[in-house]
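Protein sequence lines, in the order shown, are assigned to chains A and B. Heads up: the first sequence runs through residues 1 to 206, numbered per our numbering. Heads up: the second sequence runs through residues 1001 to 1131, numbered per our numbering. C-beta: ideal position from N, C-alpha, C; glycine also.
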Amino acid sequence: MRNKGQMFLITAAIVIVILVLLKTSINLPNILQREKELKSRFEKEFFLNVGDELVKVIDISYHQSNNITNNVFDFGNFTRKRMTERLQSFDFLYVGAVTPASQGSATMNVTLINLLNKPVNATLQLDSFIPVNYSEMLGSTSWTTNYSITQGQTYTLIVGYNGTYSENVTIQTKVNRSVYVGFFDITLTGSETTYKDKFQKNYTLP
Amino acid sequence: MKGQLYMLEVGIAILMILSIVIFLFLNPPDSPEYKIINYKMNAYTGLEVLERTGDLRRYVADNNATAINESLNQYIPNFLSRTVVIFNDTTNLTTKPSLSNLNESISVSYFLAGDFDDYKPRDVRVYMWGY
Chain A
1 MRNKGQMFLI TAAIVIVILV LLKTSINLPN ILQREKELKS RFEKEFFLNV GDELVKVIDI
61 SYHQSNNITN NVFDFGNFTR KRMTERLQSF DFLYVGAVTP ASQGSATMNV TLINLLNKPV
121 NATLQLDSFI PVNYSEMLGS TSWTTNYSIT QGQTYTLIVG YNGTYSENVT IQTKVNRSVY
181 VGFFDITLTG SETTYKDKFQ KNYTLP
Chain B
1001 MKGQLYMLEV GIAILMILSI VIFLFLNPPD SPEYKIINYK MNAYTGLEVL ERTGDLRRYV
1061 ADNNATAINE SLNQYIPNFL SRTVVIFNDT TNLTTKPSLS NLNESISVSY FLAGDFDDYK
1121 PRDVRVYMWG Y
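So this is what it looks like as structure tokens:
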């Protein structure tokens, strides 16, 4: 009976332990949900950085029109390597088209970059030109083809692969101005989220 | 006297329970994993802000990992040890933390394509440990 008072303290300690356990178990689904949401937000932010920098490559290479597509290819490989280290997946299809600063007839260079982690049967078709195919185009490779065009005209390039994928890229050429068009199709996959984006950027080069 | 002592102990017991209840409801418990992602998010936010101000590209162009590390002071809790390493395509351009720290660390990457007309792909990585 001498320790009667201390019983209150012991009881309090037991009640505290029960409270903590109760609170944790009640909140467990909430905790896991919050964790998942934060992880997903973090991945999304990181994926946005990757997408933004891929576009930034063109801005940075703007004054060296011959290097733009090569730099996009290089940065794509750089990004893939780094993302693979983090167990994330980077799938990227890119088309870069460049016309020189001239008038009348000119040559348009079109390059397709396959960073899709798989070989594809690729097809390019510019307006009414006969479609050109590249069968078994391996992952991490690029393919360049040329078209004779008339400056000042607008062209539609159809990009496709495996007969299941098809996208139209509009290329507006300009007389006496060099034009660069980049088409991006990006899919980034992490443990919690997938980021997909498809867009076109048009530049009039100096 | 004995009665007063009991009352005191009852008071202490009530105070203990109350303080724990308040603590639990004001600070909902988080999983260790949540805290780790939160630290990563803080570091990422710091890098993102630096990028928006243009400082990150400048520091990276100069290989100045120290300046990046110092700029992250306000974003990453002080009790975390950290270091910033700049990587190019093949290797680290600034000093990497020792292997023991590396094994216990978490890291956040921020990719940069270069600065102005200079295409130089870089991975700015913040390593944090001691959490």
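Excluding the 5 residues flanking residue i on each side, which residues of the same chain have their C-beta closer than 7 Å to its C-beta?
i                : result
L1005 of chain B : none
M1 of chain A    : Its pLDDT being 47, under 50, M1 of chain A is placed unreliably in this model, and the coordinates cannot settle the point.
S135 of chain A  : N121
D1089 of chain B : P1121
Let me know if residue i comes out buried or exposed under the rule of 16 or more other beta-carbons within 10 Å of its beta-carbon.
i                : result
G163 of chain A  : exposed
V17 of chain A   : exposed
D127 of chain A  : exposed
T11 of chain A   : exposed
T69 of chain A   : buried
T123 of chain A  : buried
G1003 of chain B : exposed
I1022 of chain B : exposed
L87 of chain A   : exposed
N1042 of chain B : buried
So what's residue i in DSSP terms, helix, strand or just coil?
i                : result
D208 of chain A  : Summary: the structure shown does not reach residue 208 of chain A, with chain A confined to residues 1 through 206, and so no result is reported for it.
E136 of chain A  : strand
K1096 of chain B : coil
P1032 of chain B : helix
L115 of chain A  : strand
Q1004 of chain B : helix
M1 of chain A    : At M1 of chain A, the pLDDT of 47 sits below 50, so the modelled position is not reliable; the number obtained from the coordinates is stated separately. In this structure, M1 of chain A counts as coil in the three-state DSSP scheme.
I1037 of chain B : helix
S1105 of chain B : coil
N1088 of chain B : coil
S1071 of chain B : helix
A1113 of chain B : strand
V57 of chain A   : helix
F1079 of chain B : coil
V1132 of chain B : Any answer about residue 1132 of chain B is impossible in this case: the structure gives chain B only from 1001 up to 1131.
G104 of chain A  : coil
Short check: CB of residue i to CB of residue j, under 8 Å?
i                : j                : result
N1073 of chain B : T1083 of chain B : no
T193 of chain A  : S40 of chain A   : yes
L54 of chain A   : F184 of chain A  : yes
V57 of chain A   : N71 of chain A   : yes
L112 of chain A  : V132 of chain A  : no
I171 of chain A  : Y155 of chain A  : yes
D1117 of chain B : H63 of chain A   : yes
E37 of chain A   : Y1044 of chain B : no
N114 of chain A  : Y1110 of chain B : no
Y161 of chain A  : V110 of chain A  : no
R1052 of chain B : L1112 of chain B : no
L1060 of chain B : R1125 of chain B : The question names Leu, but residue 1060 of chain B in the sequence shown is Val. No.
Apart from the five residues on each side of it in sequence, which residues of its chain come closer than 6 Å, Cβ to Cβ, to residue i?
i                : result
F1087 of chain B : D1123
P100 of chain A  : A106 and S178
E167 of chain A  : V159
L205 of chain A  : S65, S178 and Y180
K198 of chain A  : D185
Q125 of chain A  : P131 and I158
S1081 of chain B : W1129 and G1130
Y225 of chain A  : Outside the shown range of chain A, which is 1 to 206, sits residue 225 of chain A, and nothing can be said about it.
Comparing the CB of residue i with every heavy atom of the ligand GTP, is any distance shorter than 7 Å?
i                : result
F1116 of chain B : Absent from the structure shown: the ligand GTP. Ligands present: none.
Skipping 5 residues on each side, what residues in its chain have a beta carbon closer than 8 Å to that of residue i?
i               : result
G152 of chain A : Q103, T173, K174 and V175
So, do the stretch 71 to 78 of chain A and the stretch 118 to 125 of chain A have three or more beta carbon pairs nearer to each other than 8 Å?
no
Spell out a yes or no on whether the stretch 137 to 150 of chain A and the stretch 91 to 107 of chain A are touching, meaning 3 or more CB-CB pairs, one atom from each, closer than 8 Å.
yes
Do three or more CB pairs link the stretch 1099 to 1118 of chain B to the stretch 1037 to 1044 of chain B at distances below 8 Å?
yes
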